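J.: Chains as they are written, first to last, in my numbering: chain L, -5 to 244; chain C, -5 to 244; chain B, -5 to 244; chain P, -5 to 244; chain W, -5 to 244; chain Z, -5 to 244; chain R, -5 to 244; chain D, -5 to 244. Here a beta-carbon is modelled for each residue, glycine too, at the ideal position from N, C-alpha and C. These figures come from a predicted structure and were not determined experimentally.
Protein chains: 8
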Amino acid sequence: MDRTQLAQLLDQVRAGTVAPEEAARRIGALPFVEVAQAVVLDHHRELRTGIPEMVYGASKTADQIVLAMRELEKDGGAIATRVDATKAATVLAALPGAVYHEAARVVRIGAVPPRPPCATIAVVCAGTSDLGVAEEAALVAEFLGAPVLRVGDVGVAGLHRLLARVDEIRRCDVVVAVAGMEAALPSVLGGLVDRPLIAVPTSVGYGVSLDGLVALGALLSGCVPGTTVVNIDNGVGAAVAAVKIARLAV
Amino acid sequence: MDRTQLAQLLDQVRAGTVAPEEAARRIGALPFVEVAQAVVLDHHRELRTGIPEMVYGASKTADQIVLAMRELEKDGGAIATRVDATKAATVLAALPGAVYHEAARVVRIGAVPPRPPCATIAVVCAGTSDLGVAEEAALVAEFLGAPVLRVGDVGVAGLHRLLARVDEIRRCDVVVAVAGMEAALPSVLGGLVDRPLIAVPTSVGYGVSLDGLVALGALLSGCVPGTTVVNIDNGVGAAVAAVKIARLAV
Amino acid sequence: MDRTQLAQLLDQVRAGTVAPEEAARRIGALPFVEVAQAVVLDHHRELRTGIPEMVYGASKTADQIVLAMRELEKDGGAIATRVDATKAATVLAALPGAVYHEAARVVRIGAVPPRPPCATIAVVCAGTSDLGVAEEAALVAEFLGAPVLRVGDVGVAGLHRLLARVDEIRRCDVVVAVAGMEAALPSVLGGLVDRPLIAVPTSVGYGVSLDGLVALGALLSGCVPGTTVVNIDNGVGAAVAAVKIARLAV
Amino acid sequence: MDRTQLAQLLDQVRAGTVAPEEAARRIGALPFVEVAQAVVLDHHRELRTGIPEMVYGASKTADQIVLAMRELEKDGGAIATRVDATKAATVLAALPGAVYHEAARVVRIGAVPPRPPCATIAVVCAGTSDLGVAEEAALVAEFLGAPVLRVGDVGVAGLHRLLARVDEIRRCDVVVAVAGMEAALPSVLGGLVDRPLIAVPTSVGYGVSLDGLVALGALLSGCVPGTTVVNIDNGVGAAVAAVKIARLAV
Amino acid sequence: MDRTQLAQLLDQVRAGTVAPEEAARRIGALPFVEVAQAVVLDHHRELRTGIPEMVYGASKTADQIVLAMRELEKDGGAIATRVDATKAATVLAALPGAVYHEAARVVRIGAVPPRPPCATIAVVCAGTSDLGVAEEAALVAEFLGAPVLRVGDVGVAGLHRLLARVDEIRRCDVVVAVAGMEAALPSVLGGLVDRPLIAVPTSVGYGVSLDGLVALGALLSGCVPGTTVVNIDNGVGAAVAAVKIARLAV
Amino acid sequence: MDRTQLAQLLDQVRAGTVAPEEAARRIGALPFVEVAQAVVLDHHRELRTGIPEMVYGASKTADQIVLAMRELEKDGGAIATRVDATKAATVLAALPGAVYHEAARVVRIGAVPPRPPCATIAVVCAGTSDLGVAEEAALVAEFLGAPVLRVGDVGVAGLHRLLARVDEIRRCDVVVAVAGMEAALPSVLGGLVDRPLIAVPTSVGYGVSLDGLVALGALLSGCVPGTTVVNIDNGVGAAVAAVKIARLAV
Amino acid sequence: MDRTQLAQLLDQVRAGTVAPEEAARRIGALPFVEVAQAVVLDHHRELRTGIPEMVYGASKTADQIVLAMRELEKDGGAIATRVDATKAATVLAALPGAVYHEAARVVRIGAVPPRPPCATIAVVCAGTSDLGVAEEAALVAEFLGAPVLRVGDVGVAGLHRLLARVDEIRRCDVVVAVAGMEAALPSVLGGLVDRPLIAVPTSVGYGVSLDGLVALGALLSGCVPGTTVVNIDNGVGAAVAAVKIARLAV
Amino acid sequence: MDRTQLAQLLDQVRAGTVAPEEAARRIGALPFVEVAQAVVLDHHRELRTGIPEMVYGASKTADQIVLAMRELEKDGGAIATRVDATKAATVLAALPGAVYHEAARVVRIGAVPPRPPCATIAVVCAGTSDLGVAEEAALVAEFLGAPVLRVGDVGVAGLHRLLARVDEIRRCDVVVAVAGMEAALPSVLGGLVDRPLIAVPTSVGYGVSLDGLVALGALLSGCVPGTTVVNIDNGVGAAVAAVKIARLAV
């Protein structure tokens, strides 16, 4: 049901040819396509939020991922995240043409459908251990139609590396910074770059790092106003936020 | 030292008329203007980040706030946040023309200097108890040059109120959502609006609310990808992030 | 020992034919039926609380579950919860006629014995990942004699889905709402429905979700007075509470 | 706007005399009665949820409480909770006829308007330090039209006191149990009574009690299935939940 | 080195035949018997504290447990705790005569050597899931020479069971109460029995139980003064404390 | 109602002259002596637990403390704890003969009534900041009839002080060790003394000390088996536990 | 009792003119100089640890601080920390010649006695709000005999400020870095400087900063190996650690 | 690129033969040697911080560890930490001459290259369970060129063992103390030794030990000023810090 169909239905309500209750029932009922016993996809989502459905693989079986990606591929292309290597093997066997990005735990299939125009997003990564989350963010941003600049291994302990690449980063319109442990990178970056900056804490670390809670707390406590934060390891959320912003910049 | 002066200095380094060490010393030394024993203002900040210095009143005495605002007012106007009523009385007595916004705990003085063009920001507020934080965000955004749409008291427990105002919100380019307690508003809003959405948890609540930690956790755990979050009660941070985004949208 | 036997015993104490100490010993001693070395079933429980014994499978071996269900089946039917797939295979092999509900991790055997009359309970579920806990609640409620309306995948990020089914939910007398992550569903539902509402947080989520603690905190902090809460993933507890209420409504 | 007016408006939409957008605007706009700058009352709430607006005094000034109670009193009677002694003095001076319950921190004014019929609620209290929260629950329940049985000082350390009153409690249809510190009372009560049981943890205690978090955790971890829980010190929430249940029992 | 040898050495220091430094060296050096690369046993411990060395199996390999038990058995008998089933198989194969208590995860070998006289200890257990920890406490207490009364499955949800056995418990001189989840048993017991009472929280539970932290907090917050507490699942610590007390009672 | 009266009543039940329900009513009803609106004293407690009622002043007004102490003084003497200096002034003015111990925040009145015989208790204190809690424990123990040895300022940072007094401590039958911050004292003491050892963490410290939670955790994690622990700052609980043990040692 | 006296005493033990018990008693007894009811000073401390006693003012009254400083001044000079402005006024009135450093909350009196030689310590401070803690560290280090280089307001959000002063810092032998909020400064510094680096988290911040716990966690999680950390706001501890190191560097 | 090359490059900038941008590019670009897709080594690090790169094995595959060690071995020798037994087998098969220290989970290859002179470091270990972390610290310190004194099994529960070895420890210039559970060892040691003391909490313990958080908290709360702390189980960090200090002491 696209925007035209919806407008028609509401006209019918005004014309009295469809009762309000019936209209409510139809709007509610239509979008439910049951692709499997426990997996419901929402074809309305892109209409409402500008972001298409993506498959969150962590809480699904390989079979559910396959069914969901097949259904979504009808719109032109699909992406699944948090797919571990074991599930990925099953998914790739069932979906010819699908590609698996191991570090990012992402499966992609099909071409990216036409998307709204979008400015370039820098995905900056503090340490080699954070690369998986950064790559998840980069792949999702590309799936949503954004050009991506990847900048890796620029943690603050080797400040010269970061400074050598600041100009490149400044030329992008939005910055996603991925950092674990004490997560100092976004604080330094926030003082150097005047673009919207989205920080992703990662669960890299041990002991008092508390699986990323300290990185999260450090990012939220940061002294540079204007940095915003997403959940630990949430590359998808950061990518979606960055794309929504980058679409405004064109 | 503005951008022109900086370029001149770097040219002198290349020309050999200024030694690199000397240049580094000058760049480092110049911006420090000591307005009081413990208050250092950074006139370089706007140059680097596009956001002027604002006075964070919580950790300063009334006298320090006065000194800092006087210094900053030379650039055209100044704002101080987290100023309680007692300090505000002293500040207003010392700064003729200053205005105090009590619920927001904000002091403003002078006209807003010319700022880069900026799209409209919606500041949406869940409950009456969250109004102070929301107003802080709105005032800071206006100080930074943004038009602001204020939408109050649209918590999810009275869903019809929120739905009645969704179209207005959708017409803005960036949304700041302020919510305490269980902070469900941004989740609902995120499913209704396709704009960048910045959520501010507040410390409103008691018992298990843990001074806003539960609201913060709920926002970060939200099921709508693309919402980003700032620290508890951090209206300033949300405003700065929203302005950076809204400047891209014009 | 049923209520009649108990009354007889107390009459004997009054009559002096049984010493108080002896009566205490008998009351204490009788209900202990040792079905296995470490599993004690309490046939008195239904007498005292109106709720029959159910087998909590998480801390029991498959053999202990089999023994307990056999003993309880003598009363007409039995249910075991938190039975993983491996244990379930053993249990089903040993108990002909038993059925396994995989997503809910529940084993059922025998017909439901006659129960007190009970109004209909709505079990409402926010996301597909929460379906297992919701189904546990629904199966336990049915075992206790309640008619159940299942409403799935009505998370607040797709508000229209929930609104499309609100009238159905309103026609039930008690509502159980199951929600993980930020758990916003019960807040929205609480503003739409005037029935007793029991919320079940789930451990669905990652990072700052803290295995359901944030969902729990959000539910307890909710702004709609009158919602009550049970432990994380505790479908059984919610079902029992709902049934006790629904029995009052007939 | 009552239910009749709402039905009329929807008929007009069907008849085409009112545009859907206009109807949405009216429904959204009408209920906002601004009684003060920051206090919005929702006259629709009773219509939607069966529970009238009550004034939460903690985040309001004495003047705001007075204005809100005056507005609500027009419906027949009003109640404000979390009103400390200082605010209460101001409120009582401004509202002739108002009564202050000090331990419960509750202000009441006016007669209770006619309410739906409601079964009796037992409010049971573990220790003398918990009496304030218990009394808040009792007063709110009475304001909502419920008969209340108060049972005090029956903590489990003096088990005989509790046993002496169990029969009385059993004769009620719903039980609210208020307990701080280790909150063992509801566990014992849950094994003795077969009625719906709502537990309220209190912030009574020190050291590791963590302002009620341990009591809350203990209640949620309780071994008796079917007990539900509200936020720490939340006598209002427990009363509302209990009344919703007790209304089903008549 | 026993007490006689120690006295002799100190006499030699006074006599000047052994230099103080030399005496310190000898006292420090003698007790180190390296039974394996990483396992040091302290034969002095019983001399100093009245409690012999016991093998804590959790952080040792099966081979290290075997070596340690062989060394300790020379004193007459040995006990190892926290030995899982896999390690136990290896240990029993290597130590003929050793016995494994599976639920308690305890390995015993040899007769109990003569111990100081000791009064009877009651080990009381709330639920069937807590039996392992209770049995660990009971076995360790018996190894230390104490007669033990085991009282099982007397959780407060079935109060009559506990009341039926209170007189037996009262006849013991010390009580160890083992309880998980909300851990209400010791609170009830503390009001019924006037003996020293040591409570052991267990990690039984799920969700908000936090692996026993809530049980621990509830026990420490208990309203009956005089109950003392040990670490979660620490049956050994409770047994040692109880034996030290019970030895005073003879 | 003393033990004789209770025995008479139960004889009457057996004789049929008193109905069981009536007996239950009388046992339950008798002990409630309402000395003030919210303060209930339990004259039965000493009968049941061997420990008389003590007044916990933290949650009571000065007037309630006075009423409670007057009532309890009829038994020969009374003690109130957690009485701050302001309340104490009021209490002493109302109760001639009462004495206030400021550091311990304890009020005492009357002679100590005859108590069961009791061995000596050592109350050992790590730092000068912990002296208040230690003195509370000492005064309560003396009120309960125990001889007390006070050993102060023997923290482990000055090990020689502790070693100089170990022999004195060893001659007592029970040891109470009071320690804040990292609470290392009981670990050292536990390796030196073979008596029952009760540790009291205090809230002394700052930053990561978390108001005593770290001290509590350190004590429960201690490597010397047999130490038991009470709540933070709980001198009363430690004293009661120690007295129960010391009474066994005579 | 200095080292000579101690050696004499031990010689007497060897010679048999002093019994070992007597020697132990003397060593234990001597150092206790009771300057007030609850304040014990340890003149032995400098002998054992190289660091003289300093007065921790937080848990002492103004009178106790005066008594302690007078006693310590006999050794040549004294310092008290955590003295708030109110106490300081009393202390300065009683101790002519004492000086109060308000931001650092430190009172000093007398000249610094001769100390062991010591290399220069850099005390580096991230933000203006952290200056109090940094100054406490600097004053204590100077009291212990260290030359101190103060470097202020070099937080990472203005990286150029820090880079401008790195060479100065590098010329010191030990670095103390004071930082609140997200505490990124020590991470950046640790990559630029090869000296021992001690980090002090401060309680500056709000919301999720948790009174410095996040800063502490970030510092401990830092990616630069070799940084060590002290408790939140613990300027004294950092200074003592730095001085111990700096004394090795001469 | 060594220090000479860096100086040459900067001279070229001054001479105008290399543009500043080009110089920045070269400095930034050179140090990146990609030894594998996700493992970047920083040959500059030793230049900047005096500490060579070490391989952190926890977040790398066996193949990545092999590649990194081969690259680093070119500088003369290499070390990898947190290498579990499975990975170690692969690494040793690929790197002839490599040695595996199982308890410490460390792989070493090659001779230690010439390092700056360094005083002796004492690595002191509380319990046998902490030996792995202590050995990691000792091996890393030796790799960095430090002589190490290992002192094992001197926990405070057997104080005589520690006292017997204090003189040896005092002769070292820096002390690393490794302790889990309640971590009391460093407190005792800090009162006995006047050297810089670095404490390493370990994750040894169970229940309330919280995987080392309590040990960490206890160390940071310690009453002996001057002890500094590293992250839980962080033997590497303690070794690096100790070596930096010990290099100052020669």
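For the structure I just gave you, are there three or more beta carbon pairs, one from the segment 122 to 132 of chain C and one from the segment 191 to 200 of chain C, closer than 8 Å?
T.: Because the criterion of three Cβ pairs below 8 Å is met, the segment 122 to 132 of chain C and the segment 191 to 200 of chain C touch.
J.: Does the segment 228 to 236 of chain L touch the segment 130 to 146 of chain L, meaning 3 or more C-beta pairs lie closer than 8 Å?
T.: Enough Cβ pairs lie closer than 8 Å, so yes.
J.: Run down chain B in chain order and give the residues with a C-beta less than 9 Å from the C-beta of Val198/W.
T.: Counting from 1 along the fifth sequence, the entry for residue 198/W is found at position 204. Those are Ser53, listed as they occur along chain B.
J.: On the criterion of 16 or more Cβ atoms from any shown chain inside 10 Å, does Glu129/D qualify as buried, or is it exposed?
T.: Walking along the eighth sequence from the start, residue 129/D turns up at place 135. Its Cβ being crowded by 16 or more others within 10 Å, Glu129/D is buried.
J.: Spatial neighbours of Pro180/W within its chain, please: CB distance less than 7 Å, with the 5 preceding and 5 following residues excluded, ordered by chain position.
T.: For the purposes of this step, residue 180/W is taken as residue 186 along the fifth sequence, with counting starting at 1. Result list for Pro180/W: Ala171, Ala173, Leu191, Ala193, Leu213, Gly216, Thr221, in chain order.
J.: Kindly say whether Glu67/P, judged by its beta-carbon, lies nearer than 8 Å to any beta-carbon of chain W.
T.: Position 73 of the fourth sequence, counted from the first residue, corresponds to residue 67/P. Judged by the 8 Å Cβ criterion, Glu67/P is not in contact with chain W.
J.: Name, in chain order, the residues that DSSP records as bridge partners for Thr221/C.
T.: Numbered from 1 along the second sequence, position 227 holds the residue referred to as residue 221/C. DSSP, once it has assigned bridges, lists Leu191/C as partnering Thr221/C.
J.: Give the DSSP bridge partners of Ala72/P, in chain order.
T.: In the fourth sequence, counting from the first residue as 1, residue 72/P sits at position 78. Per DSSP, Ile103/P.
J.: Quick check on Ala62/D: buried or exposed, where buried means 16 or more other Cβ atoms within 10 Å of its Cβ?
T.: If you number the eighth sequence from 1, residue 62/D lands on position 68. Under this definition Ala62/D is a buried residue.
J.: Note down the Cα distance separating Val85/D from Pro219/Z, rounded to an integer number of angstroms.
T.: Looking up residue 85/D in the eighth sequence gives position 91. Looking up residue 219/Z in the sixth sequence gives position 225. Cα-Cα distance, rounded: 41 Å.
J.: Tell me the rounded alpha-carbon separation between Leu153/P and Gly184/P.
T.: Translated into positions along the fourth sequence, residue 153/P becomes position 159. Translated into positions along the fourth sequence, residue 184/P becomes position 190. Cα to Cα, Leu153/P sits roughly 14 Å from Gly184/P.
J.: Establish whether the CB of Met175/B and some CB of chain C are separated by less than 8 Å.
T.: Walking along the third sequence from the start, residue 175/B turns up at place 181. Yes, its Cβ sits closer than 8 Å to a Cβ of chain C.
J.: Along chain D, in chain order, which residues have C-beta atoms closer than 7 Å to that of Asp167/R?
T.: The residue you call residue 167/R lines up with position 173 of the seventh sequence. The answer, in chain order, is Leu242.
J.: Count the other CB atoms, across all protein chains shown, that sit within 10 Å of the CB of Thr80/L; report buried if there are 16 or more and exposed otherwise.
T.: As a working note, residue 80/L is residue 86 in the first sequence. Exposed, because fewer than 16 other Cβ atoms sit within 10 Å of the Cβ of Thr80/L.
J.: Return the CA-CA distance between Ala177/W and Val208/W, expressed in angstroms with no decimal places.
T.: Walking along the fifth sequence from the start, residue 177/W turns up at place 183. Walking along the fifth sequence from the start, residue 208/W turns up at place 214. Computed Cα separation, rounded: 8 Å.
J.: Taking the alpha-carbon positions, what's the Arg164/B to Val148/P distance?
T.: Stepping through the third sequence from its first residue, residue 164/B is reached at position 170. Stepping through the fourth sequence from its first residue, residue 148/P is reached at position 154. Each residue's Cα considered, the two are about 38 Å apart.
J.: Less than 7 Å between C-beta atoms, sequence neighbours within five positions excluded: which residues of the same chain meet that for Arg155/P?
T.: In the fourth sequence, residue 155/P corresponds to position 161, counting from 1. Closer than 7 Å at Cβ, skipping near neighbours: Asp147, Val148.
J.: Under a three-way DSSP split, which group does Arg155/B fall into?
T.: As a working mapping, residue 155/B is identified with position 161 in the third sequence. Helix at Arg155/B.
J.: Within 8 Å of any Cβ in chain C, is that where the Cβ of Pro108/L sits?
T.: Start at 1 with the first residue of the first sequence, and residue 108/L comes out as number 114. Chain C contact via Cβ: absent.
J.: Since Val85/C is in the alpha helix (DSSP H), which residue starts that stretch and which ends it?
T.: Residue numbering aside, residue 85/C sits at position 91 when the second sequence is read from its first letter. Val85/C -> alpha helix (DSSP H) spans 79 to 88.
J.: Classify Ala18/P as helix, strand or coil using the three-state DSSP reduction.
T.: What you label residue 18/P is simply residue 24 of the fourth sequence in a count that begins at 1. Residue placement at Ala18/P is flagged as unreliable, the pLDDT there being 46, under the threshold of 50; the coordinate-derived value follows with that caveat. Helix, per DSSP.
J.: For Val77/L, which option in Ile59/L, Pro90/L, Cys166/L has the closest C-alpha, if you only look at C-alpha atoms?
T.: Position 83 of the first sequence, counting from 1, holds the residue named residue 77/L. Among Ile59/L, Pro90/L, Cys166/L, the Cα nearest to that of Val77/L belongs to Ile59/L.
J.: In whole angstroms, what is the alpha-carbon distance linking Val108/Z and Leu143/Z?
T.: Here residue 108/Z is taken as the residue at index 114 of the sixth sequence, counted from 1. Here residue 143/Z is taken as the residue at index 149 of the sixth sequence, counted from 1. Just to set this straight, residue 108/Z is Pro in the shown sequence, not Val. Using only the alpha carbons, I get a separation of about 20 Å.
J.: Would you decide whether Pro46/L is buried or exposed? Buried here means 16 or more other CB atoms lie within 10 Å of its CB.
T.: Walking along the first sequence from the start, residue 46/L turns up at place 52. Pro46/L is buried by the Cβ-count criterion.
J.: Between which two residues does the alpha helix (DSSP H) containing Ala116/R stretch?
T.: For the purposes of this step, residue 116/R is identified with residue 122 of the seventh sequence, where counting begins at 1. Unbroken run through Ala116/R is the beta strand (DSSP E), 115 to 119; no alpha helix (DSSP H).
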